[in-house]
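What follows is a short report on a single structure.
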Ligand code: SF4
Ligand code: SF4
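In this note's numbering, the protein residues as written are 198 to 422.
Right under this line is the structure:
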């Protein structure tokens with residue numbers, strides 16, 4: 198698979214399944230024949246994933262990216278050997294709490310990708326910029342400010358625009374019924390807030406989400422214009 202398709206979910210799913218180390222090998226930087234240069238995308242994804250791993254208490258050396266050509270057999274063999282040695286040094290992934298933490302990260306990947314989309318598209322031609330591209334501080338802030346989306350029952354007009362655009366069917370609707378977001382299914386993409394022209398969808402940070410209305414109290418108070 199082209200490294201242009203490498204996604205955070207591939208990396209964290211591998212760890213979730215108990216893989217002890219992930220090595221991504223892509224074509225040499227600046228030699229991609231496509232304008233998109235997907236190997237730079239893979240580099241950004243790995244740099245971001247490493248910071249997330251640090252935040253979770255995982256050793257970031259469990260993840261490595263290298264760039265080489267198909268003629269670089271000895272380099273490939275050396276890289277694999279080094280990776281195996283590194284994992285032997287670190288040890289197996291045995292933290293009992295880790296699976297739950299990785300599961301949380303997997304759920305937040307759409308939110309992380311939206312929040313970091315600017316930096317994920319940069320082509321980091323200068324290796325001296327790699328280390329500081331994603332900082333520990335911004336990753337802490339990212340995880341400390343995870344939003345929840347909630348529909349204000351006083352403002353919802355039951356127009357269904359949010360429900361139609363939610364990519365994971367997390368919104369429960371109905372004719373003239375206040376719409377409700379299923380917080381378990383929601384991937385925090387923010388699409389519903391953009392879709393709602395009545396300002397009924399609120400982004401909540403650092404506060405609990407009010408409980409959903411019972412069915413008998415869901416009649417809308419305002420009609421859509
Ligand atoms: S788009 Fe806004 S008004 Fe329409 S159903 Fe969704 S929350 Fe309610
Ligand atoms: S933020 Fe809104 S559109 Fe996105 S998944 Fe959650 S409910 Fe659906």
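Virtual Cβ for every residue (Gly too), placed ideally from N, Cα, C. No experiment lies behind these values; they were computed from the predicted model shown.
Measure the C-alpha to C-alpha separation of residue 296 and residue 221 and round it to an integer number of angstroms.
Residue 296 and residue 221: Cα-Cα distance of roughly 22 Å.
Residue 226 and residue 264: beta carbons closer than 8 Å?
Yes, these two residues count as a Cβ contact at 8 Å.
My output table needs one value for residue 262: the three-state DSSP class, helix, strand or coil.
In the displayed model, residue 262 falls within a strand according to three-state DSSP.
With distances taken from CA atoms, which of 200, 211, 267 is nearest residue 235?
Just measuring C-alpha positions, the residue of 200, 211, 267 sitting nearest residue 235 is 200.
Just list the alpha helix (DSSP H) runs in the stretch 250-334, keeping only unbroken ones of 4 residues or longer that don't cross its boundaries, in chain order.
Runs of the alpha helix (DSSP H) inside the stretch 250-334: 270-287, 295-312, 314-317, 327-330.
Compare the beta carbon distance of residue 290 and residue 217 with 8 Å and say whether it is the shorter of the two.
Closer than 8 Å, so yes.
For residue 301 and residue 230, what's the separation of their Cα atoms in angstroms?
Residue 301 and residue 230: Cα-Cα distance of roughly 37 Å.
Within its chain, find whatever has a CB closer than 6 Å to the CB of residue 298; leave out the 5 residues flanking it on each side and keep chain order.
Counting only Cβ-Cβ distances below 6 Å, and skipping sequence neighbours, we find 253.
Cβ distance (whole Å) where residue 388 is taken to contact residue 362 below 8 Å
With a Cβ gap of about 5 Å, residue 388 and residue 362 count as contacting.
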